[in-house]
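Per UniProt numbering, the very first residue in the sequence shown carries number 1; after that it's consecutive.
For glycine and all other residues, C-beta sits at the position ideal for the given N, C-alpha and C.
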Amino acid sequence: MKYIVGIGGMTNGGKTTLTNSLLKSLPNCCVIHQDDFFKPQDQIAVGEDGFKQWDVLESLDMEAMLSTVQAWMSSPRKFARAHGVSVQLDASDTHILILEGFLLYSYKPLVDLYSRRYFLTVPYEECKWRRSTRRYMVPDPPGLFDGHVWPMYQKYKREMEANGVEVVYLDGTKSREELFHQVLEDIQNSLLNRS
Ligand SMILES: Nc1ncnc2c1ncn2[C@@H]1O[C@H](COP(=O)(O)OP(=O)(O)O)[C@@H](O)[C@H]1O
Ligand SMILES: O=C(O)c1ccc[n+]([C@@H]2O[C@H](COP(=O)([O-])O)[C@@H](O)[C@H]2O)c1
Ligand SMILES: [Mg+2]
């Protein structure tokens, strides 16, 4: 069985942290990070607001991300081997792929491929604070969070909801351990119901 999990939601919601914990505990589990598909800086548009528009879908090479997902779908075993993931040979033959990123559910060709879509959120103040402590490859210029990051987050979330995309919301203010156990248990139950 092939099972694709989305760990999506807002920037600094805790997606990468949760994904790294899940990877260690799920068998035959590969990961694709959306952040790896940002286009080069010189291809990022500058908005009327003067900010480089990093937080829009067009800043990501989603076609390349989709191709990577398709490579996993056509042969999870080969994909795992190529990415250094050890494959267990058991009767159930379950293969799991985690997609992790902040705009997972806004790209039409991907949206129906998920078996389960999680969406991490934290309140505005917490998100802004966590973001201020982060250092990205391209550092945030002053005012980026309120001028670009937060409004784009709200816009894409509104669109996702208007399109009726079903997600499981996760409270990112819970402890790392609680989130990990909640999601691990939920995935395991969902896998049992399918087998
Ligand atoms: N459950 C949590 N509670 C408190 N802080 C967290 C939690 N999960 C992650 N963090 C912290 O929040 C920041 C963003 O986490 P990260 O996993 O990189 O988020 P994302 O990938 O969603 O941007 C990091 O400093 C991380 O240590
Ligand atoms: O990774 C990069 O090259 C990069 C360059 C510029 C900006 N980012 C930021 O990365 C954010 C998404 O990653 P994350 O882990 O915060 O969800 C997004 O809000 C972007 O503003 C990321
Ligand atoms: Mg991250």
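Span of the alpha helix (DSSP H) holding residue i?
i	result
isoleucine 187	176-194
leucine 18	15-25
leucine 110	108-111
lysine 157	150-162
leucine 170	Where leucine 170 is concerned, there is no enclosing alpha helix (DSSP H), although the beta strand (DSSP E) it sits in stretches over 168-171.
When you compare only the Cα positions, how much space is there between residue i and residue j?
i	j	result
isoleucine 187	arginine 117	10 Å
histidine 148	valine 69	29 Å
methionine 28	glutamate 166	Correcting the residue type first, residue 28 is asparagine in the shown sequence and not methionine. Distance between the alpha carbons of asparagine 28 and glutamate 166 is about 25 Å.
leucine 193	proline 142	Looking at the sequence shown, residue 193 is not leucine but asparagine. Asparagine 193 and proline 142: Cα-Cα distance of roughly 48 Å.
proline 40	leucine 66	18 Å
glutamate 177	glycine 164	30 Å
Whose C-beta lies closer than 6 Å to the C-beta of residue i among residues of the same chain, with five residues either side of it excluded?
i	result
leucine 104	Gly6, Gly8
alanine 45	Gln53
serine 21	Phe180
With C-beta atoms as the reference, is residue i less than 8 Å away from residue j?
i	j	result
isoleucine 32	serine 115	no
cysteine 30	valine 85	yes
Between which two residues does the beta strand (DSSP E) harbouring residue i extend?
i	result
tyrosine 114	Careful: tyrosine 114 lies outside any beta strand (DSSP E) and carries neither H nor E.
valine 136	A quick correction: the sequence has tyrosine, not valine, at residue 136. Unbroken run through tyrosine 136: none, as it is neither H nor E.
lysine 39	Per DSSP, lysine 39 belongs to no beta strand (DSSP E) and is neither H nor E.
Enumerate in chain order the residues of its own chain whose CB-to-CB distance from residue i is below 8 Å, with the five nearest sequence positions on each side excluded.
i	result
valine 138	Gln41, Lys52, Trp54
proline 76	Lys2, Asn28, Cys30, His95, Leu97
aspartate 93	Met1
glutamine 34	Leu60, Met65, Leu99, Glu100, Gly101, Phe102, Leu103, Leu104
Within the same chain, show all residues whose beta-carbon is closer than 7 Å to that of residue i, passing over the 5 residues directly before and after it, in chain order.
i	result
leucine 57	Leu103, Ser106, Tyr107
glutamate 48	none
residue 198	Absent from the structure is residue 198, since the part of the chain shown begins at 1 and ends at 195.
Sequence-ordered residues whose beta carbon comes within less than 5 Å of a heavy atom of ligand 2: Of all residues, those with a beta-carbon under 5 Å from at least one heavy atom of ligand 2 are Thr11, Asp35, Phe38, Trp54, Asp55, Phe102, Tyr136, Met137, Val138, reported in chain order.
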